[in-house]
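Asks: In my numbering, the protein residues as written are 2 to 196.
Beta carbons: idealized from backbone N, C-alpha and C, even for Gly.
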Ligand code: VGL
Ligand code: ZN
């Protein structure tokens, strides 16, 4: 497949707390970083827009166990755990989208409670390419919303990893995304506009 104007890359929650050693570590979550760097280089070379969502919680967020939620404390805004992974080569002109910022409401999708859809439409984006963490939560919901909102949606299957609270959740999430209209794609399936 050849990239063209109207395409955009969306990285989902590639943050320290979701990498090994982090507060909500995704198994092998660090392995998405070098692959995403390949995608970042390709999209940057083609002059295509790049977005990076981040989970950006208050210290008393409702998704934390202390508040009755399912998760350990993670991605508290401005903390080291909420920072993008050290090795991630995010270009300076990438657009950062913070989500799940309100204490009383969780948001797995990068579209939920943000202006991501408006920003994409403003830049005439019709196709989105989505990778990051975690397959079975924020990637699943971001890709599902992208389909629902009318974007042609590709999920970067070599640049996602699952939490797998239940074994098989990652595979199941991929099936669900396909059912909802997303296509799965790998780096070697992509070409720049010239090559
Ligand atoms: C996520 C669980 C809690 C994710 C965020 O980014 O997939 N998962 N918060
Ligand atoms: Zn979260």
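If you count every other CB in all the chains shown that lies within 10 Å of the CB of residue 6, and 16 or more means buried, which is it?
Replies: By the neighbour-count rule (16 or more Cβ atoms within 10 Å), residue 6 is not buried but exposed.
Asks: Taking the alpha helix (DSSP H) that residue 145 belongs to, which residues open and close that run?
Replies: Here the alpha helix (DSSP H) through residue 145 covers 141–149.
Asks: Going by C-alpha distance, which of 139, 77, 187 and 160 is nearest residue 14?
Replies: Of 139, 77, 187 and 160, the residue nearest in Cα terms is 139.
Asks: Under the rule that 16 or more other beta-carbon atoms within 10 Å means buried, what is residue 178, buried or exposed?
Replies: Buried, since its Cβ has 16 or more Cβ neighbours within 10 Å.
Asks: Can you pull the DSSP bridge partners for residue 70?
Replies: None, per the DSSP bridge assignment.
Asks: Going by beta-carbon coordinates alone, are residue 135 and residue 162 separated by less than 9 Å?
Replies: Against a cut-off of 9 Å, the Cβ pair of residue 162 and residue 135 comes out as a contact.
Asks: Using DSSP's beta-bridge definition, name the partner residues of residue 59.
Replies: Its beta-bridge partners do not exist; DSSP assigns none.
Asks: Measure the alpha-carbon distance for residue 18 versus residue 60 and round it to whole angstroms.
Replies: So the two alpha carbons sit approximately 14 Å from each other.
Asks: Check residue 40 in the structure and name its three-state DSSP category.
Replies: The answer is helix: DSSP assigns residue 40 an H, G or I state.
Asks: According to DSSP, simplified to helix, strand and coil, what is residue 16?
Replies: Correct three-state label for residue 16: strand.
Asks: Which of helix, strand or coil does DSSP assign to residue 97?
Replies: Of the three classes helix, strand and coil, the one that applies to residue 97 here is strand, per DSSP.
Asks: Give the DSSP-derived three-state secondary structure of residue 155 in the structure shown.
Replies: Three-state result, residue 155: strand.
Asks: Below 8 Å on the Cβ atoms is my contact criterion, and I expect residue 27 with residue 166 to pass it. Report the Cβ-Cβ distance as a whole number of Å.
Replies: Not confirmed; about 11 Å, so no contact.
Asks: Just mark residue 156 as buried or exposed, buried being the case when its beta carbon has 16 or more other beta carbons within 10 Å.
Replies: That one is buried.
Asks: Within a Cβ cutoff of 7 Å, which residues of the same chain sit near residue 79, ignoring the five residues on either side of it in sequence?
Replies: Nothing listed; no residue qualifies.
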